[in-house]
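Engineer: Pasting in a structure now, in structure tokens, and then I'll have a few things to ask.
2 protein chains.
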Amino acid sequence: MDFLDAVRKRRMVRHFTSEAVAPEIIERIVQAAQKAPSAGYTQGQALIVVTRPELKQQIGRLCTEEVYEFPFVSEAAFLVIPCTSEAAYHQRYQEADKIREDGKEIRWPVPYWHMDIGCTVMLLLLAAVNEGLGAGFAGIVSEEDNLKLRELLHIPDEFTAVGVLPFGHPAPHTPSPSLKRGRKAPGDFAHYEQW
Amino acid sequence: MDFLDAVRKRRMVRHFTSEAVAPEIIERIVQAAQKAPSAGYTQGQALIVVTRPELKQQIGRLCTEEVYEFPFVSEAAFLVIPCTSEAAYHQRYQEADKIREDGKEIRWPVPYWHMDIGCTVMLLLLAAVNEGLGAGFAGIVSEEDNLKLRELLHIPDEFTAVGVLPFGHPAPHTPSPSLKRGRKAPGDFAHYEQW
């Protein structure tokens, strides 16, 4: 699919049909996601792909999917849980080519581990559209449920799961009420030469 | 360009030719970048696009571009400075449809303002490739230089500039030494059913 078509067609999907997704399609989406950049090529990003129905149901409960119109996490063909390791970045920037002259790690202007996992998430969402699929996003807000997810999927201590992306064939659903806020005026988004 | 071709061809560019980029191309890249998702459709992302030579030179100095093989910030056809507003997210999640039943804002499991600007950065980088251009990334590590950038571009207090993306026609350059680390094994990136 044309790149700009994929960008324009992408919507957050909140309901999926029961149609399965072939493993090779999942694989292409995962491979595209690994092409995200990372500061110092740290590659602190990782994914967990979940297809087992009982796991999807357990994760759906942790996402409190019952508050939505459809159980869009447990009904999805597969889930991707993107994870990021802050520790990997600190380790990378203590290596010889990155450590400062005074022997200290750089001051991090922003948490690049969160920005880089954002790049990964964007690739996952677009790669789904490119395969004729849709994807959504569900956060796990409660600290307790985050811990349960960590235990359920054996996520190592140094990694943080940033959310749950359900994938599948889109079915009709009510778009997120947040969209009623409308798109920001282009002039409020992009400023030229200075703000 | 085909979506997966854009993903595969994308490289961090560190040297540009002096060829200019037409304003309508810049505009298409900016428009694609505005299609990034955001938590609660907060749209806390914003861009500053810089084309003026003297501004590019000043920003190049703040990025300490002299340590690189080429002055890839000041020589770029244009720069994009992606900014994110944490405050916009807090404001959004205090609105009636997002505030918790106890009247408090949600506990943020991760700083979605940094993840969402990562989505914007990914779109910018891919949209450049889609136009036959290249883009790079330069961080501004020093707090003092970040303040100077803020003053130079009149960035409002509530926004954080996450870095500087130079865009232009790619010229031959030595790839980042970080790439010598090699790509993570696919099995270390994607885990199936559990870590």
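For the protein sequence lines, the chains are C and R, in the order given.
Each number in the working numbering corresponds to the 1-based position in the first sequence with 5 added.
Each number in the working numbering corresponds to the 1-based position in the second sequence with 5 added.
Beta carbons are placed, not taken as given, at the ideal position from N, Cα and C, and that holds for glycine.
(1) What is the DSSP secondary structure of leucine 130/C, counted as helix, strand or coil?
(2) Checking the sheet assignment: what are the DSSP bridge partners for tyrosine 197/C?
(3) Below 9 Å on C-beta distance, what does histidine 159/R contact in chain C?
(4) Whole-angstrom Cβ separation of phenylalanine 75/R and histidine 178/R, contact assumed at under 8 Å?
(5) Run through DSSP, which three-state label would cysteine 124/C get?
(6) Any idea if proline 28/C is buried or exposed, counting beta-carbon neighbours within 10 angstroms, 16 or more meaning buried?
(7) Compute the beta-carbon to beta-carbon distance between cysteine 88/R and isoleucine 160/R, rounded to the nearest angstrom, for a pair I have assumed lies under 8 Å.
(8) Please report the straight-line C-alpha distance between arginine 19/C and alanine 82/C, rounded to a whole angstrom.
(9) Indicate whether glutamate 91/C and serine 79/C have their beta-carbon atoms separated by less than 8 Å.
(10) Between leucine 170/C and valine 85/C, how many whole angstroms is the CB-CB distance? I'm expecting something under 8 Å.
(11) Does the Cβ-Cβ distance between lysine 40/R and leucine 128/R come in under 8 Å?
(12) For leucine 170/R, does the three-state DSSP call read helix, strand or coil?
(13) For chain C, is any of its Cβ atoms less than 8 Å away from the one on valine 169/R?
(14) Short of 6 Å in beta carbon distance, which residues of its chain neighbour methionine 120/R, apart from the five on each side in sequence? Order them along the chain.
(15) CB alanine 133/R to CB glycine 139/R, shorter than 8 Å?
(16) Between isoleucine 145/C and the rest of its own chain, which residues show a CB-CB distance below 8 Å, the 5 nearest in sequence each way excluded?
(17) Quick one: which residues of the region 108–134 of chain R get their C-beta closer than 9 Å to a C-beta of chain C? List them in chain order.
(18) Specify, as a first and last residue, the run of the alpha helix (DSSP H) that valine 35/C falls within.
(19) What are the boundary residues of the alpha helix (DSSP H) that includes leucine 157/C?
Structural biologist: In terms of the structure at hand:
(1) helix
(2) Val54/R
(3) His196, Gln199 and Trp200
(4) For phenylalanine 75/R against histidine 178/R, the beta-carbon gap comes to about 6 Å, under 8 Å, which counts as contact.
(5) helix
(6) exposed
(7) 6 Å
(8) 13 Å
(9) no
(10) 5 Å
(11) yes
(12) strand
(13) Against chain C, the CB of valine 169/R has no partner CB under 8 Å away; the residue lies outside that interface.
(14) none
(15) yes
(16) Leu67, Cys68, Asn151, Leu154, Ala166, Gly168 and Val169
(17) Ile111, Arg112, Trp113, Pro114, Val115, Pro116, Tyr117, Trp118, His119, Met120, Asp121, Ile122, Gly123, Cys124, Thr125, Val126, Met127, Leu128, Leu130, Leu131, Ala132 and Val134
(18) Under the DSSP assignment, valine 35/C falls in the alpha helix (DSSP H) whose first and last residues are 28–38.
(19) It spans 148–158 - the alpha helix (DSSP H) in which leucine 157/C sits, taken as one unbroken run.
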